[in-house]
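To start, the structure under review is shown below, and the notes come after it.
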Amino acid sequence: MKRSNLYLILLICLACMSLQLKALAQDARPFWSEIEAFQKQDRLAMPAKNGIVFVGSSSIRMWKDAEQTFKKYQVINRGFGGSTLADAITYLDYLVFPYEPRQVVIYSGENDVAMGVSATETFDRFKTLVTKIRERQPEVPLIYLSMKESPSRQQYRDTLLKANSMIKDYIATMSKAVYVDVNAKMLDRNGNTRPELFREDMLHMKKPGYDIWKKALLPHLLKP
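Count along the sequence shown starting at 1, add 12, and that's the number in the numbering used here.
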């Protein structure tokens, strides 16, 4: 075999290896496929600027009719996977900033707590997230939906409530920021969770749960 042919085969092999390594690197980034799906969706039909971005974990992602429910508010749903606050921080450049939103609604932190992250660290992650948002958009109004007590995660209740309390107190010191306590609205009169609001996994919500969120959110959403 001619040396030139050997060089050609070697170059092809190296190119293939490079593509494989790139694919593996992307696969190693949690939820990257969902972020890419958002990018593809935007290329097909970019949402108008100055909408309201909903960002967070699966409780946002599975709010399938959120954009229709809040249509006159121009909601853009960017919930992804079973993500954490740390994941939201990682992907802010893809989830929030391209849309130059007039308001950002956040539901995240529950998965951090369920992964064993302390209340203090969960709170610190929240502070990092909102700080990074405000660094790019100093005046953008923020809404934080409190972490809910899911029946399947009652072992994390104390940590979750402590983190909620810390976040609530911090938001009280911020300008143009609101803490919406959806958790309290989802409990019965004795302070217990209401399984009828949840799907079979006792983690994700049915429509009645989202109806509670809708009612709690509406007074705080900014109209165009």
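Here a beta-carbon is modelled for each residue, glycine too, at the ideal position from N, C-alpha and C.
Since the model is a prediction, treat every value here as computed from it, not as a measurement.
Query: Within the segment 139–227, ranges of the beta strand (DSSP E) (whole runs, at least 3 residues); Result: 154–157 and 189–192
Query: Nearest neighbour of Ala115, chosen from Glu133, Gln86 and Tyr106 [CA to CA]; Result: Checking the displayed sequence, the identity of residue 115 turns out to be Gln instead of Ala. Of the candidates Glu133, Gln86 and Tyr106, the one whose C-alpha sits nearest the C-alpha of Gln115 is Gln86.
Query: Continuous beta strand (DSSP E) stretch holding Asn89: start and end; Result: Val87 to Gly91
Query: Sequence-distant residues of the same chain with beta carbon closer than 8 Å to Lys188, five excluded per side; Result: Glu151, Val152, Pro153 and Leu154
Query: Whole-angstrom C-beta distance between Met198 and Lys160, which should lie under 8 Å; Result: 6 Å
Query: Distance between Lys84 and Glu112 (C-alpha atoms, nearest Å); Result: 17 Å
Query: Glu79 versus Ile101: straight-line alpha-carbon distance, rounded; Result: 23 Å
Query: Contacts around Lys131, its chain only, beta-carbon distance under 6 Å, and the 5 residues preceding and following it disregarded; Result: The sequence as given places Ala at residue 131; Lys does not occur at that position. Only Thr171, Lys174 and Ala175 meet the Cβ criterion.
Query: Assigned secondary structure, Phe82 (DSSP; H/G/I helix, E/B strand, else coil); Result: coil
Query: Same chain, Cβ closer than 6 Å to Ile47, five either side skipped, listed in chain order; Result: Tyr103 and Tyr106
Query: C-alpha distance - Asp223 paired with Glu133, whole-angstrom precision; Result: 30 Å
Query: For Tyr106, the first and last residue of its enclosing alpha helix (DSSP H); Result: Leu104 to Leu107
Query: 9 Å Cβ cutoff, Met58 in contact with chain C; Result: The chain inventory of the structure shown lacks chain C, comprising one protein chain alone.
Query: For Leu215 and Arg165, believed in contact at Cβ under 8 Å, the rounded distance; Result: 7 Å
Query: For Val125, three-class secondary structure by DSSP; Result: helix
Query: Start-to-end residues for the beta strand (DSSP E) that takes in Phe66; Result: Ile64 to Gly68
Query: Within 9 Å, strictly: CB atoms of Ile118 and Gly63; Result: no
Query: Residues near Asp99 in its chain [Cβ-Cβ closer than 7 Å; skip 5 each side]; Result: Pro42 and Phe43
Query: Inter-residue spacing [alpha-carbon to alpha-carbon] between Lys219 and Ala60; Result: 27 Å
Query: Per-residue DSSP class, three states only, for Lys235; Result: coil
Query: Euclidean distance between Cα positions of Lys34 and Ala40; Result: Legend: pLDDT at Lys34 = 47, less than 50; position of this residue unreliable, no value from coordinates given.
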